[in-house]
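Numbering (the working numbering), first residue to last: 174 to 520.
Beta carbons are placed, not taken as given, at the ideal position from N, Cα and C, and that holds for glycine.
On a predicted model such as this, the values are computed, not experimentally measured, just so you know.
Below: the structure, in structure tokens.
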Amino acid sequence: MIAPRRILVSRIRRIGDAILSLPVVDALREAHPDAAIDFLAEEGPAQAALGHPEIRSVLSYRGATLGLPAPPGLLLRLARGRYDWAIDLYGNPRSALLIAITGAPVRVGPARRARRLLYTHPMANPAGPISAIDHHLLALKALGLAPRELKPRIHLGAEERSRGRAALDALLPPGGPRVGLHVGNRWAAKRWPEARFRALLRALSRIGIRGLVLAGPGEEALAQRVATGALGAGASPAPVLAGLPLRPYWSVLAALDLLVTNDGSPLHAGPALGVPTVGILGPTVPEIWFPYAAEDGHQLLCAEIWCRPCHRHQCPRMDCLEWIGVGDALGAVERGLNRGEGFGASA
Numbered sequence: 174m175i176a177p178r179r180i181l182v183s184r185i186r187r188i189g190d191a192i193l194s195l196p197v198v199d200a201l202r203e204a205h206p207d208a209a210i211d212f213l214a215e216e217g218p219a220q221a222a223l224g225h226p227e228i229r230s231v232l233s234y235r236g237a238t239l240g241l242p243a244p245p246g247l248l249l250r251l252a253r254g255r256y257d258w259a260i261d262l263y264g265n266p267r268s269a270l271l272i273a274i275t276g277a278p279v280r281v282g283p284a285r286r287a288r289r290l291l292y293t294h295p296m297a298n299p300a301g302p303i304s305a306i307d308h309h310l311l312a313l314k315a316l317g318l319a320p321r322e323l324k325p326r327i328h329l330g331a332e333e334r335s336r337g338r339a340a341l342d343a344l345l346p347p348g349g350p351r352v353g354l355h356v357g358n359r360w361a362a363k364r365w366p367e368a369r370f371r372a373l374l375r376a377l378s379r380i381g382i383r384g385l386v387l388a389g390p391g392e393e394a395l396a397q398r399v400a401t402g403a404l405g406a407g408a409s410p411a412p413v414l415a416g417l418p419l420r421p422y423w424s425v426l427a428a429l430d431l432l433v434t435n436d437g438s439p440l441h442a443g444p445a446l447g448v449p450t451v452g453i454l455g456p457t458v459p460e461i462w463f464p465y466a467a468e469d470g471h472q473l474l475c476a477e478i479w480c481r482p483c484h485r486h487q488c489p490r491m492d493c494l495e496w497i498g499v500g501d502a503l504g505a506v507e508r509g510l511n512r513g514e515g516f517g518a519s520a
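Encoded structure:
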């Protein structure tokens, strides 16, 4: 196969998955050091690729326009991109069509239904559960490459990191460990009970660890309940960080000593920023969604239970999360702080 000069990597949806796709970019750079690599995603997921030193250009958009799969200007840019390779890491009808529009002679994507016909190199389906990182790297194996094991990295600039430290210092002045708790998730079945987060905040404060409650869009009320209910009547609530755009939010995360989070994009942002991360997983498959090492300070809390994985968004019992105790989380925080020195994403 002729070495590519221009490569398009597409992971159009879901922020966490976009983070987990970044090792594909690094592996392509190792295999083809002279190729120009572009990254295509919707506006939110595209934030993960901004500042990546191996990416020439990040192509982003907000969604369909006038019944088209993307805005006309972007479609024209894809058609004129003269890509040699175009790699679709999402594999829905829209992403497959966007890859086809490039006209790249080599097009890779998941072997699903009729849209597999839009690819020249359909990806093989794995025989069993593999990590989401390895699943993305299957695209390169379809091209005959054998990428080594790589970790996702979100690359923040020096100014972004400085602003993140200043924002954290304004909420929690330096002096002693600072732990962020991301307490929300879009789906109820992926949220550790808020009473447990309140109890964890109390337990942390008793051993000299200060907590910051983190909230994504629509999670502000939940975060305030956790913060105000954590320390009892008359006590000052824990600070809450809410309402930040994605990159500034990540800049604050990068300044933390440790992150505790439900399933969701913060679960992947923490490790990709070099922050020791305690992940709390309920109905999903840990082998797929927590490919992070304890030697880097990362800890997984996931109860062994007969009904997992169910992938439900709502559940009347929530045993998979109810069985994870406050003591489990506190122990994981202590282990993470003791072991995690962070590996720091490149500036």
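If we count the other Cβ atoms within 10 Å of its Cβ and call it buried at 16 or more, is residue i buried or exposed?
| i | result |
| --- | --- |
| Gln487 | exposed |
| Asp430 | buried |
| Arg255 | exposed |
| Ala406 | Residue placement at Ala406 cannot be trusted, given a pLDDT of 49 that sits under 50; what the coordinates show is reported in the next sentence. With fewer than 16 other Cβ atoms within 10 Å, it is exposed. |
| Leu395 | buried |
| Met296 | buried |
| Ile380 | exposed |
| Ala442 | buried |
| Ser409 | exposed |
| His484 | exposed |
| Leu290 | exposed |
| Ala273 | buried |
| Trp365 | buried |
| Ala176 | exposed |
| Ile185 | buried |
| Leu528 | Outside the displayed span of the chain (174 to 520) sits residue 528, for which this structure offers no information. |
Cβ of residue i within 9 Å of Cβ of residue j?
| i | j | result |
| --- | --- | --- |
| Gly282 | Ser268 | yes |
| Ala300 | Ser183 | no |
| Pro302 | Pro444 | no |
| Asp257 | Glu227 | no |
| Val433 | Ala505 | yes |
| Pro412 | Val386 | yes |
| Tyr234 | Asp261 | no |
Since residue i and residue j should fall inside the 8 Å C-beta cutoff, what is the C-beta to C-beta distance between them, to a whole number of angstroms?
| i | j | result |
| --- | --- | --- |
| Arg179 | Ala214 | 17 Å between Cβ atoms; not a contact. |
| Asn265 | Ala284 | Their Cβ separation, rounded to whole angstroms, is 13 Å, which puts Asn265 and Ala284 out of contact at 8 Å. |
| Pro456 | Ala376 | Rounded, the Cβ-Cβ distance is 26 Å, inconsistent with contact. |
| Ala191 | Ala237 | Incorrect: roughly 19 Å between the Cβ atoms, too far for contact. |
| Asp211 | Ser230 | 5 Å |
| Ala315 | Gly276 | In fact, because the Cβ distance is near 19 Å, the residues do not count as touching under 8 Å. |
Does residue i get closer than 9 Å to chain C when you measure Cβ to Cβ?
| i | result |
| --- | --- |
| Trp462 | Protein chain content of the structure displayed is limited to a single chain, and chain C is not contained in it. |
* alpha helix (DSSP H) runs contained entirely in the segment 292–377, provided each spans 4 or more residues -> 305–314 and 331–344
* Residue ranges of each alpha helix (DSSP H) within the segment 378–457, 4 or longer -> 393–402, 419–428 and 438–445
* Three or more beta-carbon pairs under 8 Å between the segment 187–196 and the segment 306–324, yes or no? -> yes
* Using 8 Å as the threshold, is the segment 489–498 in touch with the segment 334–341, meaning 3 or more CB pairs across them? -> no
* If we count Cβ pairs, one from each stretch, closer than 8 Å, do we get three or more for the segment 232–249 versus the segment 451–462? -> no
* Segments of 4+ residues assigned as alpha helix (DSSP H) that fall wholly inside the segment 481–514 -> 492–495 and 499–512
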